[in-house]
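Notes follow once the structure below has been shown.
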Amino acid sequence: MTTPLISLYDVHKSFGETEVLKGISLDVGQGDVVCIIGPSGSGKSTILRCINALVPINSGSIRVGEFQVHQLRTEREKIPLRRMVSMVFQQYNLFPHRTALENVMMAPIHVLKQDPQEVKERAYGLLAKVRLQGKEKNYPGELSGGQQQRVAIARSLAMKP
Numbered sequence: 190m191t192t193p194l195i196s197l198y199d200v201h202k203s204f205g206e207t208e209v210l211k212g213i214s215l216d217v218g219q220g221d222v223v224c225i226i227g228p229s230g231s232g233k234s235t236i237l238r239c240i241n242a243l244v245p246i247n248s249g250s251i252r253v254g255e256f257q258v259h260q261l262r263t264e265r266e267k268i269p270l271r272r273m274v275s276m277v278f279q280q281y282n283l284f285p286h287r288t289a290l291e292n293v294m295m296a297p298i299h300v301l302k303q304d305p306q307e308v309k310e311r312a313y314g315l316l317a318k319v320r321l322q323g324k325e326k327n328y329p330g331e332l333s334g335g336q337q338q339r340v341a342i343a344r345s346l347a348m349k350p
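Converting from the sequence shown to the numbering used here requires adding 189 to each position, the first position being numbered 1.
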């Protein structure tokens with residue numbers, strides 16, 4: 190059997206007195222498609238945030254590729270993981286005072302330190318892929334919810350996860 194790409198073992202996470210994740214174990218192989226379903230507040234987003242080191246776990250272990258996520262302490266240690274794992278947030282988290290194009294370009298320029306002109310060309314291409322050509326100069330407030338979601342998807346893909 191091949192080594193899973195993502196592995197969670199006996200993961201526990203509490204917020205105050207509320208235990209949200211109770212001994213979650215899961216293996217995901219490369220190319221696997223996994224659906225995490227459950228009612229609102231059941232911990233679906235928390236699992237994803239823990240995998241991406243946005244939320245620390247209380248106990249257990251999480252491995253993504255070569256990264257022991259539960260052992261990453263500083264933001265600097267988390268950067269290589271976040272280059273590999275990307276997510277689109279439920280609320281999209283777009284910068285309201287930046288255009289669609291600028292939202293897609295920000296992380297590759299500021300986090301990955303990539304050439305702005307190359308990033309701009311790639312951002313135009315990604316926005317076209319999500320069918321937003323002609324909307325590059327629009328601000329999030331000028332876009333529909335579905336269009337905002339597609340900007341968030343393009344922004345996620347701009348990091349080349």
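For every residue, glycine included, the Cβ atom is placed at its ideal position computed from N, Cα and C.
- Remark: C-beta atoms of Val-253 and Val-274 approach each other more closely than 8 Å.
- Contact between Tyr-313 and Glu-325 is confirmed by a C-beta separation of about 7 Å, below the 8 Å threshold.
- Boundaries of the beta strand (DSSP E) harbouring Gly-249: 248-253, taken from the DSSP string.
- Leaving aside the five residues that flank Asn-327 on each side, the residues in its chain whose CB is nearer than 6 Å to its CB run, in chain order, Ala-289.
- The beta carbon of Tyr-281 lies closer than 8 Å to those of Pro-329, Gln-337, Gln-338, Val-340 and Ala-341 in the same chain, with the five residues before and after it left out.
- DSSP places Glu-307 within a helical segment (H, G or I) once states are collapsed to three.
- Taking one beta carbon from each stretch, the segment 236-252 and the segment 204-216 have 3 or more pairs nearer than 8 Å; the two touch.
- Looking at the backbone, the Cα of Val-258 and that of Met-348 are separated by about 19 Å.
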